[in-house]
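Asks: Residue numbers (this note's numbering): 815 to 979.
Pasting in a structure now, in structure tokens, and then I'll have a few things to ask.
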Amino acid sequence: MESPTDYVDLQEVLSEGFLDRTIEIGKVIGWAPQVDILAHPSVGGFVSHCRWNSVLECIWFGVPIATWPLHAEQQFNAFQMIVELRLGVEIKMDYRKDPFNIDGNESLITSKEIERGIRCLMELNHEKRRKLKKMSETSKKALMNGGSSYTWLGRLIQDIMDRLP
């Protein structure tokens, strides 16, 4: 089955009348400029599959994340955000031995699980939001002149240059 972003006509994959019923409260599109959206000050949270770039973008912009990992490293990234860093909320983490679903066992998620995750995200306590904002500021400082990422990248480049014949 193709992913929903591959459909030209969303009516093919959505229930009859869905777009008409939800026109006032949301918008369904195949692709969106994620960075531009996360940068907007009105965004209060983000439901993500937890690819690493998405995780970093949420941290960079200080947007709380609701994790919904599907496969591969997404499970690990979600675990890091929820359990280790405590910077988001869990919609569902399914620690299968078969993260690529080779055996064909689908793991469905219910609308109640999605609703619970989004409600938790919107009701996120002040402490988690403060911690996320601090992490966002720290990540930006790391890239500035004198920051840890800036400094270590400079050292790597210098080390490579020193070893050239």
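In this text, a Cβ means the ideal position worked out from N, Cα and C, and glycines have one as well.
Count the other CB atoms within 10 Å of the CB of Ser862; is the residue buried (16 or more) or exposed (fewer)?
Replies: Flag for Ser862 reads buried.
Asks: I'd like the list of long-range same chain contacts for Cys872, defined as Cβ closer than 6 Å, with 5 residues on each side in sequence excluded.
Replies: Contacts found: Phe860 and Ile879.
Asks: For the beta strand (DSSP E) that contains Glu904, what are its first and last residues?
Replies: Start and end: Gly902 to Glu904.
Asks: Can Gly902 and Ser950 be called in contact, C-beta distance under 9 Å?
Replies: No, the pair does not count as a contact, with Cβ atoms beyond the cut-off.
Asks: Quick check: the Cα distance between Pro979 and Gly840, rounded to an integer number of angstroms?
Replies: Computed Cα separation, rounded: 59 Å.
Asks: By the 10 Å Cβ neighbour count, where 16 or more other Cβ atoms means buried, how is Thr881 classified, buried or exposed?
Replies: Thr881 is buried by the Cβ-count criterion.
Asks: Among residues of its own chain, excluding the 5 on either side of Phe893, which ones have a beta-carbon nearer than 7 Å to its beta-carbon?
Replies: Taken in chain order, the residues that qualify are Met907.
Asks: Out of Thr924, Glu927 and Met895, which one is the CA nearest neighbour of Lys945?
Replies: Cα-wise, what sits closest to Lys945 is Met895.
Asks: According to DSSP, Phe860 sits in a beta bridge with which residue or residues?
Replies: Looking at the DSSP assignment, Phe860 forms a beta bridge with Ile879.
Asks: May I ask you to report which of helix, strand or coil DSSP gives Thr924?
Replies: Of the three classes helix, strand and coil, the one that applies to Thr924 here is coil, per DSSP.
Asks: Hey, could you find the ends of the alpha helix (DSSP H) Trp966 is sitting in?
Replies: Residues Ser962 to Arg977.
Asks: Are the beta-carbon atoms of Gly931 and Ile905 separated by less than 9 Å?
Replies: Yes; because the gap between Cβ atoms is below 9 Å, this pair is in contact.
Asks: Would you grab the beta carbon distance between Cys864 and Gln825 for me? Rounded to a whole angstrom, and I think it's under 8 Å.
Replies: So it is not a contact: roughly 29 Å between Cβ atoms.
Asks: Cα separation between Leu935 and Met958?
Replies: Taking the straight line from one Cα to the other gives about 30 Å.
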